[in-house]
Every structure is written in C-alpha cells, then in structure tokens.
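Peer 1: Each residue of the first sequence is one higher than the one before, starting from 22 at the first, in the working numbering. Below you will find the structure I want to go over with you.
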Amino acid sequence: MLQVAYIRENRAQVLERLAVKNFKYPELVDEIIKLDEDRRQTQSKLDAISAEANAAAKQIGDLMRQGKKEEVEAIKANTGSLKEQIKTLSDQFNELEQQLQQQLVQLPNLPHLSVPKGTSADDNEIVLEHGIKPNLIANALPHWELAAKYDLIDFELGNKIAGAGFPVYKGKGAKLQRALINFFLDRAEAADYREVQPPIVVNEASGFGTGQLPDKEGQMYHIGMDNLYLIPTAEVPITNLYRDVIVKEEELPIKNCGYTPCFRREAGSYGAHVRGLNRLHQFDKVELVQLAHPDQSYQILDEMNTHVQSLLQALELPYRVLRLCGGDMSFTASLTFDMEVWCAAQARWLEVSSVSNFETFQSNRLKLRFKGKEGKPQLVHTLNGSALALPRIVASLLENNQTENGIRIPKALVPYTKFEWIN
RNA sequence: GGAGAGAUGGCCGAGUGGUCGAAGGCGCCUUCCUGCUAAGAAGGUAUACGGGUGACUGUAUCGAGGGUUCGAAUCCCUCUCUCUCCGCCA
C-alpha cells in the first residue's frame, strides 16, 4: 500500500510510474487525493469541536469540586449540541477513512526506475544467462516419464488421495526432496539467515499484511470453519512475524529464512505447460525474507540475487536471470528478478525463483517500522526470494542429468542425498 | 468441548468515573559526579492522524468494537485472545 502523503505530494510521478505497470485506473489517484483532502478537513473540524467538548467537561469537573451546581448546569446546556456534532463528524470521518483505505489498497506498488515497460512475460529483460545447455542422450524423456521410470514420483496416487497437483514422492524421489530442503537451508544459514519454522496457515490480517488480501483470495486455499488460509509462500508468515513491530535501526538488515510447503489453487491453469512438476497445488520451498534499511535495500536485493544464483551454480543447472517488466510484475513488488532453469527434455525455461524488493509497500500495510536514536519511526523495506522452490529444480535435475545409466546427482547434493545415482 | 480468571506503555505493575497519556519499579538515552570491574544525582524516554516554516499544538489510543455519562483505563454489552482446572488427544 502506498502512503497517502507520498501520493499527495508526488502526484505526477505516481501516475508516470503506474503507467509502467499498465495500471488501468489512473483516475483512482485523483480520487484518493480528493478523499484525503476531505478526510483532513473533516478531522480538523472534528478535532476542534472535540477540544471544545473536552474543555467543557474539564470545567464541569472543576466546578463540581467547588460545589457550583448552577454554573455546571449552564455549561451542560451547551454540550448536547457539541455531542451531536461530534457524532456526525466522526461518522463522516470514519466513512471517509474507510473509503480512502478501500481505494488505497487497489493501487499497486510503484515500479523501480529500472523496470522496463512491457505488457507480458515476452517483454522481460534477460539480464544474464549462465551455464551450458546439456546435449541429451537419444530418447531423452521429460521428467514426468523419468519419475515414473525410476519410481520417484506418483502423480496418480496423489490424485487418488488428494487431487491433481498433489504428487506423492517415493523412495529416492522423497529423499531428493529432503536433501534439497536441507541443502538450501544450510546455504541460507551460511549466508547469515536465521531459520524459522512458521505456521503454514495464516489469518486474514497476515494475508492483508503481505498483500494477498483483499482481492487474491482465489489463489489461496481457505479453511472456512476457522477463517484461515493455507500459505501460498513462506513469505506470508515470515514477513508477518514483524507486523506491528518497530525494530531498532541498528538491527537492520534482519534476515530470516524458512522451509515450508506452499499451497496454491492455480485456478485456471491447464494444458501441457502444467504437466508433471511444472505446476502444482502443493510444493516445497525455502524462502528468504529480509527487512532492510531503505538506503540498503537495492544492494541487498543484489545480494539475494547472487545467493540464488550460487545455489543454481552449485546444482550445475543452466539458468538465466530476468528483470521483470512492468506488466509481468506482481501487484506488490517494486523490482523483481526471476531465475529460470533450463529443462532440457522439455526444452523450456522454468521459473524457480523470484527475488523482489517491495520497498515500503508491505511494511506500510504491516506497520513495520524502524527507529534510530533520533527522529520518527520510518517504514522498513521488505524483500524476499525463493531459494529455492523444489519441483522445477527436480524437473530440471532429472531431465538434464539423465544418462544411459540413470540420473546423476550433482556433487554438491550428494552429501545430502547420500546417493550419486538414481537408477 | 465444559467451568473459572484475566488483558494497562519496551518489560513488570498501580489505578477511587473528573486533578490519568496514565503512579511506582526495571530497562534504555542524555548530562553531571566519583579515578578504578561499580555506584550515585538530574532530566528525558509510546504511536497514529491533523494544524504550524518552526518552537509547538489539537485529537485519538489502557485487547477490539459498541453503549451509559457533561466527562470512562475505571460502569454496561458484544467479540477476540491469554491463563488455570476438567475432558479429549499427537
């Protein structure tokens, strides 16, 4: 959520930035400015009358102590109309605040100046490509067939007990999951992230804090009876650890990481592109979350970017880094880098990580601030990134590393899997 | 799920319907003092939104929301959460 004062004072710039995200209702900006104007005027009136009423009440108190009953009655005669005015104005004020809030949450975050214009994934800027695409053996198989061939993942069985998109990992397939999670967590720990294990359901306030709610209910599984949501990413619970918190400036940056399963309804997805592990309703992911000083957040974004790349390099996977264009970025982000790995048998790039700086968009909703020795509390910048999401990593490992003799596990992972081959 | 108790500032904790944005303690910050691993003294120390170039100032906030009252941390109602005991259970 953008800050009203910022919108008010930087109207032209806000409009210009929103255009980069192809925001469809720029008139909302002026509606917000108008509502804010009304709100402030109403507050001024309300405050003045409340002050008057407070003064009268205080005076009555003094007079009562002196036993001057008649004078008290004279003052009381006036307070009735003050009360009515206060009631009317505060109703107005609450209404205006509510409207303002409703409008504000509809504005997406402003993209960073480096974000290219564009309308779809085709307009994303390829920042770099790393590694060499493997030459596959003849009769190379896509990962879903490899998973069946080596009895690693059972999509049918998952279908039976839950539904499509909930695979069952078996034997070395299951061990590979566990190995990847531990590998990613160890790497995060080595980079000074503190590991946390958050709940995998969250309440509404948490969903609002990181920007999933309102409006994106359809992407999350909802437990109606208890009004809880299954998390779509660990970003939600981990960032919300700091909701309504004022941290000390010298504690920044605050680095947390965590492994969780993630749940996504993925309503409307279909076709060959969602086969196998390409798109699931439940998957595992290790997430990095940082709270940063505004002066440092872009440097930290680069560091996170580098961290994710180091994981892909360790896993010997060819990858590329994209700078997302305005049209492909999320509602909440200021700048996002996506990492995609090459899946050789499908001959496709698959997104495995998304690293973003949200600047103050989330922290404004979360009321997450920092305070130095002097001065007012300021909103922190929040950042997060997948490091990494498992399914497409597995897809790529299986497809890229298939040989006549089985599937080779990359060296860095062998201490975790305790096996070098799947065969 | 049943019964009871409770929710006050960073923490602990007091609070009679007016003198309470809130005693006291701890913590923290600044200054002073004392030459010694420390102690003492003074002052300061919530947040949001307004108004003012600024010093400053108004309003709101004692779990949340309503109500009673000229006036509510204090009285009433609803909700949420926490704790204790019982039940169930990994």
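The beta-carbon is built from N, C-alpha and C at its ideal position, and this holds for glycine as well.
How far does the alpha helix (DSSP H) with R386 in it extend, from its first residue to its last?
Peer 2: That run of the alpha helix (DSSP H) goes 382 to 387.
Peer 1: Is it true that the CB of V222 sits closer than 8 Å to the CB of L262?
Peer 2: Not in contact: L262 and V222 (Cβ atoms no closer than 8 Å).
Peer 1: Using a Cβ-Cβ cut-off of 8 Å (strictly less than) and excluding sequence neighbours within five positions of L117, which residues of its own chain qualify?
Peer 2: Correct list, in chain order: L56, D59, R60, T63.
Peer 1: Straight-line CA distance for N224 to D247?
Peer 2: N224 and D247: Cα-Cα distance of roughly 9 Å.
Peer 1: Checking 8 Å against the spacing of the C-beta atoms, do H151 and Q330 come in under that value?
Peer 2: Against a cut-off of 8 Å, the Cβ pair of Q330 and H151 comes out as a contact.
Peer 1: Any idea which residues DSSP pairs L249 with across the strands?
Peer 2: Per DSSP, I244.
Peer 1: Looking at the unbroken beta strand (DSSP E) that takes in D83, where does it start and where does it end?
Peer 2: Element bounds for D83: not the beta strand (DSSP E) but the alpha helix (DSSP H), 48 to 87.
Peer 1: Could you compute how far the alpha carbon of K79 sits from the alpha carbon of Q87?
Peer 2: The straight-line gap from Cα to Cα measures roughly 13 Å.
Peer 1: Considering Cα atoms alone, identify which of K392, Q423, I81 is closest to L162.
Peer 2: With distances taken between Cα atoms, L162 lies closest to Q423.
Peer 1: Less than 8 Å between the C-beta atoms of S3 and H402, yes or no?
Peer 2: In the structure as shown, the chain begins at 22 and stops at 444. Residue 3 is therefore absent and cannot be evaluated.
Peer 1: With a threshold of 8 Å on Cβ separation, who are the neighbours of G427 within its own chain once the five nearest residues in sequence on each side are excluded?
Peer 2: Excluding sequence neighbours, G427 sits near Y171, W442, I443, N444.
Peer 1: Can you tell me which of V257, V295, E177 puts its alpha carbon nearest to the alpha carbon of V307?
Peer 2: With distances taken between Cα atoms, V307 lies closest to V257.
Peer 1: Y46: buried (16+ other C-beta within 10 angstroms of its C-beta) or exposed?
Peer 2: With fewer than 16 Cβ atoms within 10 Å of its Cβ, Y46 is classed as exposed.
Peer 1: Buried or exposed: where does Q311 fall if 16 or more other Cβ atoms within 10 Å of its Cβ makes it buried?
Peer 2: That one is buried.
Peer 1: Once DSSP output is grouped into helix, strand and coil, what is the label at M360?
Peer 2: The answer is strand: DSSP assigns M360 an E or B state.
Peer 1: Assuming R386 and F229 make a contact with CB atoms under 8 Å, what is their CB distance in whole Å?
Peer 2: Right, their Cβ atoms sit about 6 Å apart.
Peer 1: Could you have a look at L129 and say whether DSSP puts it in helix, strand or coil?
Peer 2: The sequence shown places Pro at residue 129, rather than the Leu named in the question. If DSSP states are grouped into helix, strand and coil, P129 belongs with coil.
Peer 1: Measure the C-alpha to C-alpha separation of N1 and E287 and round it to an integer number of angstroms.
Peer 2: Residue 1 falls outside the range modelled here, since the chain spans only 22 to 444, and no answer is possible.
Peer 1: My understanding is that N277 touches Y214, with C-beta atoms under 8 Å, so please give their C-beta distance in whole angstroms.
Peer 2: Indeed, because the Cβ distance is near 6 Å, the residues count as touching under 8 Å.
Peer 1: CB I182 to CB R341, shorter than 8 Å?
Peer 2: Against a cut-off of 8 Å, the Cβ pair of R341 and I182 comes out as no contact.
Peer 1: Say whether the segment 325 to 339 touches the segment 428 to 442, bearing in mind that this needs 3 or more beta-carbon pairs closer than 8 Å, one atom from each stretch.
Peer 2: A contact exists between the segment 325 to 339 and the segment 428 to 442.
Peer 1: By Cβ distance, which residues of its chain are closer than 8 Å to P253, with the 5 residues on each side in sequence left out?
Peer 2: Q233, Q240, M241, C283, F284, R285.
Peer 1: Apply the 10 Å Cβ neighbour rule to R199 and answer buried if 16 or more other Cβ atoms are within range, or exposed otherwise.
Peer 2: So R199 counts as exposed.
Peer 1: For K388, collect the residues of the same chain with a Cβ closer than 6 Å to its Cβ; drop the 5 residues on either side in sequence, then sort them by chain order.
Peer 2: Cβ within range, chain order: D265.
Peer 1: So K193 and L173 are supposed to be a Cβ contact under 8 Å. How far apart are they, rounded?
Peer 2: Yes, K193 and L173 are in contact; Cβ-Cβ is about 6 Å, under 8 Å.
Peer 1: Could you pull the DSSP bridge partners for W165 from this structure?
Peer 2: Paired residues: none, contrary to the question.
Peer 1: Give me the residue from S102, S374, G406 with the minimum Cα distance to T260.
Peer 2: Per the Cα distances, G406.
Peer 1: Cutting at 6 Å between CB atoms, please list the residues of its own chain near K104, excluding the five before and the five after it.
Peer 2: Cβ neighbours of K104 beyond the five flanking positions: none.
Peer 1: Would you grab the beta carbon distance between Q24 and T381 for me? Rounded to a whole angstrom, and I think it's under 8 Å.
Peer 2: Indeed, because the Cβ distance is near 7 Å, the residues count as touching under 8 Å.
Peer 1: Could you tell me if L134 is buried or exposed, where buried requires 16 or more neighbouring beta carbons within 10 angstroms of its beta carbon?
Peer 2: The residue in question, L134, is exposed, as its Cβ has fewer than 16 Cβ neighbours within 10 Å.
Peer 1: Going by the beta-carbon positions, is the gap between C346 and P137 smaller than 8 Å?
Peer 2: Cβ distance < 8 Å, so C346 and P137 count as in contact.
Peer 1: If you follow the beta strand (DSSP E) that E146 is part of, which residue opens it and which one closes it?
Peer 2: That run of the beta strand (DSSP E) goes 146 to 151.
Peer 1: Could you name each continuous alpha helix (DSSP H) segment of 4 residues or more that falls completely within the segment 154 to 232, going from the start of the chain to the end?
Peer 2: For the segment 154 to 232, whole alpha helix (DSSP H) runs of length 4 or above, ordered along the chain, are 164 to 170, 176 to 182, 193 to 211, 225 to 231.
Peer 1: Buried or exposed: T327, going by 16 or more other Cβ atoms within 10 Å of its Cβ?
Peer 2: Answer is exposed; the Cβ neighbour count stays below 16.
Peer 1: Assign Q119 to buried or exposed, taking buried as 16 or more other Cβ atoms, counted over all protein chains shown, within 10 Å of its Cβ.
Peer 2: When all chains shown are included, Q119 counts as exposed.
Peer 1: Between V268 and L404, what straight-line distance do the alpha-carbon atoms span, to the nearest angstrom?
Peer 2: Answer to the nearest angstrom: the Cα atoms are 16 Å apart.
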